[in-house]
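Chemist: Before we start, here is the structure in question, set down as structure tokens.
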């Protein structure tokens, strides 16, 4: 019996030693050059740390720590698999560049020194990559290899559509994930403490429409999706990124003729000061009573006229708004228009459906119509500086079950119609 117990103890110690021995520190860029001089008194062995290109298939195995001391590139025909429990430590100002495929599940990526490393770059040929349940921290220094402009992000997705799911991004010097021309899957991720005035998720281009949901963001940085200004030339859907995860406008947005932008229920879109949302194609913003859609200001101390509002042009007739709130806009619309128009929502020569729309705190009119005959139902117009509804150009709106309260200053009224405009019964 004593011998049996002794054997069991020895076996346990051997297993423990094996587990410890199996955890290695691997310097992936290190190359050892042995001494070729036969003189035993002088050791001329030396190490260098050149860039590493991974070709074929390579696996970084569980329990090991991999230290990156120069650039690591995954070739366009190669695959790097990083197993759960691996720790990858990267020296300052270095990055992992993936032209092939990166499969990382449950791994930790962090810095090896006191500063920030570049992060992971997924090239246009890296779309089969999967980042699942990883933790990535202290990244976000700029990517510049093969790129026209500097790009700052812990993970930069360049014109491909990988899966980035159930992962944690923290303490980035800049952005968390930056997406360019991508339809990636970005779900279930958490973002904490991004760089000052930067974003957990940034779209570089307006042809970026990821499948996105259930993400969270907190701490420093702008807690939302950063959008560039410009024109949508590709139709797509703004999915709901997560709770309290708004889309943040940084310039004028235009939906081009023939293009449809769909805003999913529950979304909030916030505009920087004096920007506008211009629709020549189709804007479909259909919320629900439980998941309304909100267009408002990014200003932390909101005021009437912080941003321009929404303009539906004569070619935007297929647009529809339901359970939509528009607030703190009404600064002048002037893009492509002969005269300035001050309204949170300006409808020009078309007749879209407006249902359960709330327009409040406009600097100018709440809703302005020009030669337009929309059906307006179950809507409210309140606390707008000028008229709740201003109608010109032979407009014929149909208004049912709607309210107009606390609108208008001197010379304006709750509802104002010129001599050519009358409401339809």
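Numbering (this note's numbering), first residue to last: 4 to 428. Think of the CB as a built atom: it goes at the ideal place given N, C-alpha and C, for glycine as much as any other residue.
#1: Please report how far the alpha carbon of residue 313 lies from the alpha carbon of residue 91, in whole angstroms.
#2: Enumerated in chain order, which unbroken segments of the beta strand (DSSP E) with a length of 3 residues or greater are wholly contained in the segment 175 to 210?
#3: In the segment 214 to 242, which residue ranges form an unbroken beta strand (DSSP E) of at least 3 residues, counting only runs that do not cross its ends?
#4: Based on the DSSP secondary-structure assignment, which residues constitute the bridge partners of residue 155?
#5: Given this structure, state the Cα-to-Cα distance separating residue 345 from residue 308, to the nearest angstrom.
#6: Which residue or residues does DSSP assign as beta-bridge partners of residue 323?
#7: Helix, strand or coil: how does DSSP classify residue 33 here?
#8: Which residues in the same chain have their Cβ closer than 7 Å to the Cβ of residue 414, if we skip the five residues on either side of it in sequence?
#9: Kindly indicate the opening and closing residues of the beta strand (DSSP E) around residue 427.
#10: Compute the Euclidean distance between the alpha carbons of residue 111 and residue 295, then round it to the nearest angstrom.
#11: With DSSP run on the structure shown, which of helix, strand or coil describes residue 84?
#12: Please report whether the beta-carbon of residue 315 lies at a distance below 8 Å from any beta-carbon of chain C.
#13: DSSP three-state label for residue 99, please.
#14: In whole angstroms, what separates the C-alpha of residue 24 from that of residue 67?
#15: Can you check which of these residues, 159, 127 and 134, is closest to residue 142 by C-alpha distance?
#16: Once DSSP output is grouped into helix, strand and coil, what is the label at residue 24?
#17: In three-state DSSP terms, what is residue 351?
#18: If you scan the segment 33 to 62 from start to end, which runs of the beta strand (DSSP E) of 3 or more residues do you find wholly inside it?
#19: What does residue 379 pair with, by DSSP beta-bridge criteria?
#20: Just mark residue 29 as buried or exposed, buried being the case when its beta carbon has 16 or more other beta carbons within 10 Å.
#21: Straight-line CA distance for residue 417 to residue 407?
#22: Suppose you measure from the CA of residue 384 to the CA of residue 392; what does that come to, to the nearest Å?
#23: In its own chain, which residues sit with a C-beta less than 6 Å from the C-beta of residue 171, not counting the 5 before and 5 after it?
#24: Assign residue 318 to one of three DSSP states: helix, strand, or coil.
#25: Taking the CB atoms as reference points, tell me whether residue 382 and residue 333 lie closer together than 8 Å.
#26: Using only the alpha-carbon positions, how far apart do residue 359 and residue 326 sit?
#27: Suppose the cutoff is 8 Å on Cβ atoms and the five residues either side in sequence are ignored; what does the same chain contact list for residue 153 look like?
#28: Taking the alpha carbon of residue 311 as the reference point, which residue from 178, 302 and 274 has its own alpha carbon closest?
#29: Considering only residues of the same chain and omitting the five flanking positions on each side of residue 234, which have a CB-CB separation below 6 Å?
#30: For residue 266, which residues does DSSP report across the bridge?
#31: By the 10 Å Cβ neighbour count, where 16 or more other Cβ atoms means buried, how is residue 409 classified, buried or exposed?
#32: For the beta strand (DSSP E) that contains residue 430, what are its first and last residues?
#33: Among 124, 300, 204 and 284, which one has its Cα closest to the Cα of residue 276?
Modeler: For this structure:
#1: Along the chain shown, one-based indexing puts residue 313 at 310. Along the chain shown, one-based indexing puts residue 91 at 88. Looking at the two C-alpha atoms, the distance is approximately 47 Å.
#2: Within the segment 175 to 210, the complete beta strand (DSSP E) runs of at least 3 residues are 178 to 183, 188 to 190, 193 to 195 and 204 to 206.
#3: 214 to 216, 219 to 221, 228 to 230, 233 to 235 and 239 to 241
#4: Numbered from 1 along the chain shown, position 152 holds the residue referred to as residue 155. DSSP lists 145 as partners of residue 155.
#5: For the purposes of this step, residue 345 is identified with residue 342 of the chain shown, where counting begins at 1. For the purposes of this step, residue 308 is identified with residue 305 of the chain shown, where counting begins at 1. So the alpha carbons of these two residues sit roughly 9 Å apart.
#6: Translated into positions along the chain shown, residue 323 becomes position 320. Paired residue(s): 287 and 356.
#7: Stepping through the chain shown from its first residue, residue 33 is reached at position 30. Coil at residue 33, not helix or strand.
#8: In the chain shown, the residue the question calls residue 414 occupies position 411. If we look at residue 414 and ignore the five residues flanking it on each side, it has no Cβ neighbours.
#9: Your numbering for residue 427 matches position 424 in the chain shown. Secondary structure note for residue 427: it is in no beta strand (DSSP E), with a DSSP letter that is neither H nor E.
#10: By 1-based counting over the chain shown, the position of residue 111 is 108. By 1-based counting over the chain shown, the position of residue 295 is 292. Distance between the alpha carbons of residue 111 and residue 295 is about 38 Å.
#11: Numbered from 1 along the chain shown, position 81 holds the residue referred to as residue 84. Three-state result, residue 84: strand.
#12: Given the protein chain composition of this structure (a single chain), no chain C is represented.
#13: Locating residue 99 in the chain shown gives position 96, where the first residue counts as 1. Strand at residue 99.
#14: In the chain shown, residue 24 corresponds to position 21, counting from 1. In the chain shown, residue 67 corresponds to position 64, counting from 1. A caution first: residue 24 carries a pLDDT of 45, below 50, which makes its placement in the model unreliable, though a value can still be read off. In a straight line, the C-alpha of residue 24 is about 10 Å away from that of residue 67.
#15: The residue you call residue 142 lines up with position 139 of the chain shown. Of 159, 127 and 134, the residue nearest in Cα terms is 159.
#16: For the purposes of this step, residue 24 is identified with residue 21 of the chain shown, where counting begins at 1. Here the model assigns residue 24 a pLDDT of 45, short of 50, so the residue's position is not dependable and the matter cannot be decided.
#17: Reading the chain shown from its first residue, position 348 is the one you call residue 351. Reduced to three states, the DSSP call for residue 351 is strand.
#18: 34 to 36, 49 to 51 and 55 to 57
#19: Along the chain shown, one-based indexing puts residue 379 at 376. BP columns for residue 379 point to 357 and 402.
#20: On the chain shown, position 26 is the one that residue 29 refers to. By the 10 Å Cβ count, residue 29 comes out exposed.
#21: One-based indexing of the chain shown puts residue 417 at position 414. One-based indexing of the chain shown puts residue 407 at position 404. Near 6 Å, if we compare the C-alpha coordinates of residue 407 and residue 417.
#22: Residue mapping note: residue 384 aligns to position 381 of the chain shown, counting from 1. Residue mapping note: residue 392 aligns to position 389 of the chain shown, counting from 1. Approximately 8 Å, taken between the alpha carbons.
#23: By 1-based counting over the chain shown, the position of residue 171 is 168. So the list reads 138 and 193, once near-sequence residues are dropped.
#24: Here residue 318 refers to the residue found at position 315 when the chain shown is read from its first residue. Of the three classes helix, strand and coil, the one that applies to residue 318 here is coil, per DSSP.
#25: For the purposes of this step, residue 382 is identified with residue 379 of the chain shown, where counting begins at 1. For the purposes of this step, residue 333 is identified with residue 330 of the chain shown, where counting begins at 1. Not a contact, by the Cβ cut-off of 8 Å.
#26: By one-based count along the chain shown, residue 359 stands at place 356. By one-based count along the chain shown, residue 326 stands at place 323. Approximately 5 Å, taken between the alpha carbons.
#27: In the chain shown, the residue the question calls residue 153 occupies position 150. Same-chain partners within the cutoff: 145, 146 and 147.
#28: Numbered from its first residue, the chain shown carries residue 311 at position 308. Residue 311 has its Cα closest to that of 274, out of 178, 302 and 274.
#29: Indexing the chain shown from 1 puts residue 234 at position 231. Closer than 6 Å at the Cβ level, and outside the excluded window around residue 234, lie 257 and 259.
#30: Taking the first residue of the chain shown as 1, we reach residue 266 at position 263. DSSP lists 241 and 288 as partners of residue 266.
#31: For this step, residue 409 is matched to residue 406 along the chain shown. An exposed status is given to residue 409, since fewer than 16 other beta-carbon atoms sit within 10 Å of its beta-carbon.
#32: This structure leaves residue 430 out entirely; the chain is present only between 4 and 428.
#33: Here residue 276 corresponds to residue number 273 of the chain shown, with the count starting at 1. Nearest of 124, 300, 204 and 284 to residue 276, Cα basis: 300.
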